[in-house]
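A short worksheet on the structure shown next.
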Amino acid sequence: REVDPIGACVGMRGTRVQAIMRELKGEKVDIIPWSPDLVTFVQAALAPAKVNRVRVDEEVIEEPLRDAEGKVAVDEEGKPITITKRRPVMEVVVSSEQYSMAIGKNGQNVKLADKLTGCKIIIKTEKEVKDEISSALAALLREVEGELAEEMSEKEEAPAAVEYDLVIPLEDVPGISERMRERLTEHGISHAQALANTPAEKLMEIPGIGPHSAAKLIEAAKQALEAQVASRSEE
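Written out as C-alpha cells, the structure is:
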C-alpha cells in the first residue's frame, strides 16, 4: 500500500519530528514533499502560503567552478574560473493576504525556498501583476500614439502630389506658336503634360528647337498645368 511520506516523517503524534527538533535544540523543522515538477515543488516549499499561479522563466548566471573540496578553481593568472548555467525563475503570484506568509520574516521563507528548489523565486501580489500589465499596456499605447503622430506629421509636411490634367491641348498653352505646335504634334507631343514631361534633350532633337527654346516650352507647359490645378482647387 502507499505510504504517506509526510506522516511517516512526522511520526505518531509528531514523535519523530519532535525528537529531531529536540536534538537540534528546538530548531523548527518543516517537512516538504519533493516533486519532479518544479512548480509543484515550489508551491510545497512556500506552504502554508496559498499560491494562485506560477509563471516559469529562466535566466543565465555565472557561477564559480569548485573542486572536490569545495574550493573555487582558478586559472593560471589566479582568476576564478566561472561556468555559465541556466537557472529556473519562478514568478509566484499570491493574494495580498498571503504575501507576508509567503515571504516570511525578513524574506526568510522565500530565501529558504530558493535554496531548497534551486530556483530564483519572485513573489508578487495580484495587484502588483495587474499594475505591471497596466503600465506595459500604457507604454505600448504611448508608443503607438507616438508613431501615429509621427506619421501624421510626415503626411502634413509632405507636399501634396500634383495631378495634372491630361487634356490641356497645346493651343491653350500660352507662348507656343502654331508652327511650333505642328512640330511638336508631329513628334507625338500633343498636350501640355506630354510637353512638361519631355526632357529638354529630347525636345532639342526636333528641328528648330534649341536649348533656350526647349526650356521655355517646358516652363510654359508647367505653368499652364499649375494654373489649371490652382483653378480646380479654388472650385
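If you're matching positions, the sequence shown starts at 1 in UniProt numbering and goes up one per residue. Note that the Cβ used here is the ideal one computed from N, Cα and C, for glycine as well.
Item                                                                                                                                              : Value
On the DSSP letters alone, give me the boundaries of the alpha helix (DSSP H) that Lys120 sits inside.                                            : Unbroken run through Lys120 is the beta strand (DSSP E), Lys120 to Thr125; no alpha helix (DSSP H).
With distances taken Cα to Cα, identify the nearest neighbour of Thr82 among Met90, Lys71, Glu91 and Val92.                                       : Lys71
Please determine, among Ala220, Gln193 and Thr185, the residue with the shortest C-alpha to C-alpha distance to residue 237.                      : Summary: the structure shown does not reach residue 237, with the chain confined to residues 1 through 235, and so no result is reported for it.
Within a Cβ cutoff of 7 angstroms, which residues of the same chain sit near Val129, ignoring the five residues on either side of it in sequence? : Val93
Could you name the residues that DSSP lists as bridge partners for Arg179?                                                                        : Looking at the DSSP assignment, Arg179 forms no beta bridge with any residue, so it has no partner.
Among all the DSSP beta bridges, which residues are the ones paired with Ile83?                                                                   : Glu63
Is the segment 217–229 in contact with the segment 184–204, if contact means three or more CB pairs nearer than 8 angstroms?                      : yes
Whole angstroms is fine: what's the gap from Glu59's alpha carbon to Val89's?                                                                     : 7 angstroms
For Gly26 and Leu65, I'd like the C-alpha separation in whole angstroms.                                                                          : 36 angstroms
I want to know whether the segment 30–45 touches the segment 117–126 - three or more CB-CB distances under 8 angstroms.                           : yes
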